[in-house]
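Per this note's numbering, residue -12 is the first one in the sequence shown, and the count goes up by one each step.
From the three backbone atoms N, C-alpha and C, an ideal C-beta is built for every residue, glycine too.
Quantities reported herein were computed from a predicted structural model and do not represent experimental measurements.
Step one of this worksheet: look at the structure below.
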Amino acid sequence: MDDTQKIQSIIDEAAKSPELAYSHFISLPLAIHPEFVDKVTKFQSTILGHDDRKDINTSMGDNSRASASEDAGNVNKPENDLAVAVELKVDIHNIPTVSYAPKATKSATLHDLRIDESIFLKPQRLHLTVLMLKLWNKQRILAATEVLQGICSEVNDVLDNRPLFVRLKGLDLMRGTKAKAKVLYAPIEEVGDEGRLTRACQIITDAYVKAGLVLEADAQQKLKLHATLMNTSSRQPRRKVKRFDNSFDATGIFKQFGSEEWGEYHIREAHLSQRSVYDDNGYYHCCASIPFPDNTKVLKSSTEPQQAELEVAPIAENA
């Protein structure tokens, strides 16, 4: 084995390690739909208490607020016509001390639930993930670009050259329990349930596997399309305490949004997206893209996708 082969062998082994983060992924953008972005923005604002609607703290049940409301209802009750004066003798030097728990605040409640703004996915980055990739040099990025461009016609054929729509409804968890959630997402289903979306994603995955750009472990992963809304892996600042519980309590979120109708949306294109690098619209940097069938334009020319930006940026957060 010569030096070049040895270096390549070392790189290949390093790529299999969790220490080398994913640099790119194939995404189906959802952030292009203003209605979905608006709904997710309101979802976040309600939980964080930035919205005029009932926030998540209220839905969790604040007994102290309920008691205060009941007391307030008794303040202005009309008095009896006959008032009876009662003279009380009080020893002001012998009044028992009573300790009252401090009134719960919204920020304290969010802290107790381990919820903060950093674990929410920014609405302008909403997407479905088809495949994760480790492209550590320009050659692999260029190869990944060519693979995506090369399967444009095949993907559109399997979609029967008809527009593809997905429906998002409710909430689910990727890991953990409602009380100790790690990843919270909106499940998706293909409108019409013809299996076209699954077949299109399989063509994309197979092409990258054939090109040698997918790790064996990733190739065996079962596809589970979903729209991530909250992910604790993006929590900032990261806690360095070994036993820190990097989860959050989603019980109240499910109570309020568990049956949320997020809407139906047209899947218009697939991107080769670069993680941690963003375009002017706030979405992940697009190295290349292919169109999906549209209502007005059935198929765009496969020679028109964006050219790859041959650069690799540091990885900082999950896709």
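query: Proximity of leucine 15 and valine 134 at Cβ, strictly below 8 Å; result: no
query: Three-state class that DSSP yields for glutamine 261 in the structure shown; result: strand
query: Where the beta strand (DSSP E) containing lysine 307 begins and where it ends; result: Residue 307 falls outside the range modelled here, since the chain spans only -12 to 306, and no answer is possible.
query: Cβ neighbour criterion (16 or more within 10 Å) applied to histidine 312; result: Any answer about residue 312 is impossible in this case: the structure gives the chain only from -12 up to 306.
query: Collapsed DSSP secondary structure at methionine 119 in the structure displayed; result: strand
query: Any 3 or more C-beta pairs closer than 8 Å across the region 22 to 30 and the region 97 to 115; result: yes
query: Among Gly137, Leu160, Tyr270, Glu256, nearest to lysine 197 - alpha-carbon criterion; result: Gly137
query: Threonine 219 versus isoleucine 240: straight-line alpha-carbon distance, rounded; result: 15 Å
query: Expected contact under 8 Å - CB spacing of arginine 262 and histidine 11 to nearest Å; result: 7 Å
query: Contacts around cysteine 188, its chain only, beta-carbon distance under 6 Å, and the 5 residues preceding and following it disregarded; result: Val117, Leu210
query: Neighbourhood of arginine 101 by C-beta distance below 6 Å, restricted to the same chain and skipping five residues each side; result: Phe235
query: Continuous alpha helix (DSSP H) stretch holding leucine 32: start and end; result: According to the sequence as given, residue 32 is serine; it is not leucine. Per DSSP, serine 32 belongs to the alpha helix (DSSP H) from 21 to 35.
query: For threonine 84, the three-state DSSP class (helix, strand or coil); result: Here threonine 84 scores only 48 on pLDDT, less than 50, and its place in the model is too uncertain to base an answer on.
query: Boundaries of the beta strand (DSSP E) in which tyrosine 270 is found, first to last residue; result: Unbroken run through tyrosine 270: none, as it is neither H nor E.
query: Bridge-paired residues (DSSP) for asparagine 218; result: Val170
query: Whether isoleucine 277 touches valine 142 by CB criterion (8 Å); result: yes
query: Per-residue burial, methionine 161 [other beta carbons within 10 Å of its own, 16 or more giving buried]; result: exposed
query: Cut-off 7 Å between Cβ atoms - residues of its own chain near glutamate 22, not counting five sequence neighbours on either side; result: Gly250
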